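The next block holds one structure in the form of structure tokens; read it before the comments.
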Amino acid sequence: MRTFRTFIAAAAGLSLAVAGLTGCAAGNDPKSTPQPTENMAVQTQQGLEFTDMWIKATEKDMTGVFGTIKNTGDKEIKFTGVKAEIAGMSEFHETIIQSDGSSMMQAMTPPAIKPGESLVYKPGDDHIMLMKLNDKVLPGDEVKITLEVEGGENIEFTATAREYTGGKETYSPEDGTGHGGMDHGNMATDKN
Ligand SMILES: [Cu+2]
Numbered sequence: 001m002r003t004f005r006t007f008i009a010a011a012a013g014l015s016l017a018v019a020g021l022t023g024c025a026a027g028n029d030p031k032s033t034p035q036p037t038e039n040m041a042v043q044t045q046q047g048l049e050f051t052d053m054w055i056k057a058t059e060k061d062m063t064g065v066f067g068t069i070k071n072t073g074d075k076e077i078k079f080t081g082v083k084a085e086i087a088g089m090s091e092f093h094e095t096i097i098q099s100d101g102s103s104m105m106q107a108m109t110p111p112a113i114k115p116g117e118s119l120v121y122k123p124g125d126d127h128i129m130l131m132k133l134n135d136k137v138l139p140g141d142e143v144k145i146t147l148e149v150e151g152g153e154n155i156e157f158t159a160t161a162r163e164y165t166g167g168k169e170t171y172s173p174e175d176g177t178g179h180g181g182m183d184h185g186n187m188a189t190d191k192n
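Here the sequence shown is numbered in UniProt numbering, starting from 1 and rising by one per residue.
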């Protein structure tokens with residue numbers, strides 16, 4: 001009987017531990033801080049859900065931020081800007097296909113997200129651009145990015161740095177895009 005009782009006690013202890021873990025992972029505690037985890041959705045109290053936010057690792061002075069930002073609230077969220085401590089300048093970018101088939105990116109008006117809709121940022125498409133980086137971005141780095149919201153509080157999220165070599169965007173566009181976009185080339189080669 002002694003062995004049996006020990007087993008029961010151990011099993012009880014185990015299920016307690018499992019219950020504890022489950023309660024933690026559910027994340028329904030409104031006081032808990034969203035913990036950014038790769039490939040997992042992070043819900044903020046402001047009604048945005050961030051999924052798989054990542055930043056391209058680089059040793060150059062500009063890079064892109066990607067992932068899915070969903071409006072889970074009941075009113076439209078309009079951004080007015082974006083910023084990051086590691087970047088001297090940050091912008092929302094869109095990628096356009098030029099007549100010769102190559103793609104080029106340019107600054108766009110900060111977007112808005114309607115309730116239930118998402119912004120999907122991926123290489124070769126729309127993205128958040130960080131320029132004038134003051135540090136390298138190494139794989140595994142966690143980079144804090146702040147979205148400025150019209151009539152509301154700033155919303156911060158964390159992007160995890162990843163090695164990525166598939167991008168074909170022009171990161172140093174020729175002069176005169178003809179689209180009214182900013183000339184990043186000047187920033188990339190800023191000699192001041
Ligand atoms: Cu860009």
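Built from N, CA and C at the ideal position, the CB exists for glycine as well.
Owing to the predicted nature of the structure, the values given are computational and were not obtained by experimental measurement.
Buried or exposed by the 16-neighbour rule on C-beta atoms within 10 Å, applied to residue i
i       : result
Gly-166 : exposed
Ser-99  : exposed
Gly-140 : exposed
Thr-22  : With a pLDDT of 38 at Thr-22, under the threshold of 50, the modelled position of that residue is not reliable, and no figure is offered here.
Ile-97  : exposed
Lys-70  : buried
Met-40  : exposed
Asp-52  : buried
Lys-31  : Because the pLDDT of Lys-31 is 45, which lies under 50, any placement of that residue in the model is unreliable, and the question is left without a value.
Those residues which DSSP pairs with residue i across a bridge
i           : result
Ala-161     : Ile-55
Asn-71      : Leu-48
Met-89      : Met-131
Thr-63      : Leu-130
Glu-156     : Thr-146
residue 271 : Residue 271 lies beyond the stretch modelled for the chain, which goes from 1 to 192, so this question has no answer here.
CB of residue i within 8 Å of CB of residue j, strictly
i       : j       : result
Met-129 : Asp-61  : no
Ala-57  : Leu-138 : yes
Gly-73  : His-127 : no
Phe-157 : Val-82  : no
Ala-107 : Ile-145 : no
Decide if the stretch 73 to 92 is in contact with the stretch 113 to 128; the criterion is three or more beta carbon pairs, one per stretch, under 8 Å apart.
-> Between the stretch 73 to 92 and the stretch 113 to 128 there are three or more inter-stretch CB-CB distances shorter than 8 Å, so the stretches are counted as touching.
Can you find at least 3 beta carbon pairs, one from the stretch 138 to 152 and one from the stretch 115 to 126, that sit closer than 8 Å?
-> no
Determine contact between the stretch 41 to 50 and the stretch 83 to 95, defined as no fewer than three beta-carbon pairs at a distance below 8 Å.
-> no
Enumerated in chain order, which unbroken segments of the alpha helix (DSSP H) with a length of 4 residues or greater are wholly contained in the stretch 95 to 147?
-> No alpha helix (DSSP H) of 4 residues or more sits fully in the stretch 95 to 147.
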